[in-house]
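The opening position of the sequence shown corresponds to residue 1079 in the numbering used here, with each subsequent residue numbered one higher. For every residue, glycine included, the Cβ atom is placed at its ideal position computed from N, Cα and C. Presented below is the structure to which this report refers.
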Amino acid sequence: MKVLLDLQYLNVATTGIKTYMMELAYAALPYPHPDIEWIFSQDPETSLIFIRS
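Put into structure tokens, the structure is as follows:
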């Protein structure tokens, strides 16, 4: 299964959804699951954009 985590709004969000999305991203990276391929729209640490819409 491929899961796209769209982190586009992290640059403008200050609380709420930003906290949730960052926790999800940080949990997905160190604990990979063999059945899940995580795709990030941008790097959560550097905000480098990987996917443009």
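Checklist line | Beta-carbon proximity list for P1110, same chain, < 7 Å, skipping 5 on both sides | finding: none
Check: Counting along the chain, where does the alpha helix (DSSP H) carrying L1102 start and finish?
Finding: 1095 to 1106
Item checked: Buried/exposed call for L1082, threshold 16 Cβ in 10 Å -> exposed
Check: What is the residue span of the beta strand (DSSP E) that E1115 lies within?
Finding: 1115 to 1118
Notebook entry, point to check: From this set, K1080, L1085, A1103, which residue's C-alpha is nearest S1119's C-alpha?
Noted result: L1085
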